[in-house]
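Comments concern the structure below.
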Amino acid sequence: TMKAYAHAVFSTLAMDAATVSPYFGMDSLEEFTRYEDRGVYVVCRSSNPGAEDLQHLDADGAPLFLRVADMAERANGHGNVGLVVGATAPSAVVDVRKASTLPFLIPGVGAQGGDVSASVRAAWNGDPASCLISVSRAILFDRNPSRAAAGIRSEINAVIGKLI
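Numbering (this note's numbering), first residue to last: 1 to 164.
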């Protein structure tokens, strides 16, 4: 059950945050969000190529990923919920930001080819926690991971510098 998963993630493993699937429904999200001091990032619009197969389906006049954003907003009673919104779909980042004030965890930068600048501009709402850029493989597998990380950090900071 989701209660057991949440307990394992937050109590047994003592993780600070978890990425969760919304497709089990609100009651399952609430098993995670009740850990008020832990973050819960709900997969809204993922960065993988097949994301459109399901996440862009029409759900009562809006793409399913926007319905997920709405559900996550409603699950945010403790202020610990964010959304996973992939950098590989910059128009979706724009659409989700229009629909939600929640923080974004943005994967898909680097190896997947997502646009750092477009994603930060779309997701930024003035709060440094509004967009957390996740870059894994492009740093991990670089010959000089420190240099790769510093380069991406500089790129992100340059965009933010223009926004503030």
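The beta-carbon is built from N, C-alpha and C at its ideal position, and this holds for glycine as well.
Taking the straight line between their C-alpha atoms, what separation do you get for residue i and residue j?
i           : j           : result
residue 133 : residue 107 : 6 Å
residue 12  : residue 3   : 12 Å
residue 28  : residue 14  : 19 Å
residue 104 : residue 147 : 25 Å
residue 96  : residue 155 : 23 Å
residue 36  : residue 16  : 11 Å
residue 62  : residue 151 : 37 Å
residue 72  : residue 153 : 28 Å
residue 149 : residue 130 : 20 Å
residue 50  : residue 144 : 31 Å
residue 56  : residue 139 : 30 Å
residue 162 : residue 128 : 14 Å
residue 92  : residue 157 : 22 Å
residue 141 : residue 135 : 11 Å
Under 8 Å by Cβ, that's how I've got residue i and residue j pegged, so tell me the actual separation to the nearest angstrom.
i           : j           : result
residue 66  : residue 82  : The pair is not a contact, with the Cβ atoms about 16 Å apart (cut-off 8 Å).
residue 77  : residue 19  : Not really, about 19 Å apart at Cβ, beyond 8 Å.
residue 109 : residue 87  : 5 Å
residue 94  : residue 59  : Residue 94 to residue 59, Cβ: 19 Å. No contact.
residue 26  : residue 99  : That belief does not hold up - the Cβ atoms of residue 26 and residue 99 are roughly 17 Å apart, past 8 Å.
residue 89  : residue 137 : With a Cβ gap of about 18 Å, residue 89 and residue 137 do not count as contacting.
So who's on the other strand from residue i, going by DSSP bridges?
i           : result
residue 63  : 58
residue 45  : 85
residue 114 : 109
residue 40  : 18 and 81
residue 104 : 83 and 131
Just mark residue i as buried or exposed, buried being the case when its beta carbon has 16 or more other beta carbons within 10 Å.
i           : result
residue 38  : buried
residue 164 : exposed
residue 111 : exposed
residue 119 : buried
residue 41  : buried
residue 126 : exposed
residue 113 : exposed
residue 47  : buried
residue 80  : buried
residue 22  : buried
Would you mind stating whether residue i and residue j have Cβ atoms separated by less than 9 Å?
i           : j          : result
residue 191 : residue 85 : With the chain running from 1 to 164 in the structure shown, residue 191 is simply not present.
residue 6   : residue 31 : yes
Any beta carbon from chain C within less than 9 Å of residue i's own beta carbon?
i           : result
residue 148 : As a matter of chain content, chain C is missing from the structure shown, which is built from one protein chain.
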